[in-house]
Structures are given as C-alpha cells and as structure tokens.
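Student: Residue numbers (the working numbering): 1150 to 1214.
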C-alpha cells in the first residue's frame, strides 16, 4: 500500500499553488565566524501593479512578499 501511495504522490503532476512576477537577487558576502549567526530580511511591496487577472496571472496591485 505505501509503495503505491508513494509512487502516486511523486508521479502524479499537480498544479503549482504559488505565483510571483518579481525577481530576487542574492549578493555574495563573507561567511560569518563559527558560532555566529547572521539574519537578513527581504520583503517586497508593489505600490502600483496590475489590478485584473491577465493570462491567468493574478493581480499584483498592493502585493506583499
């Protein structure tokens, strides 16, 4: 039973439940010393974006990421 369930889970295509039309750039930096942690917060807000669904893409007006 579990083998069939696992094969079905991984082999049956499904629809993506997320979409975004923005780009994130990651910049390199020096590695922190052992025993230390570095945290960065990245967020995006679309002040003025599309307001209707176009070609299946949801509106981006006032979108928060």
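Note that the Cβ used here is the ideal one computed from N, Cα and C, for glycine as well.
Note the first and the last residue of the continuous alpha helix (DSSP H) segment covering residue 1154.
Tutor: 1151–1160
Student: Helix, strand or coil: how does DSSP classify residue 1188 here?
Tutor: coil
Student: From the DSSP output, in three-state form, read off residue 1206 for me.
Tutor: The three-state secondary structure of residue 1206, taken from DSSP, is strand.
Student: Using the C-alpha atoms, what's the distance from residue 1202 back to residue 1214?
Tutor: 18 Å
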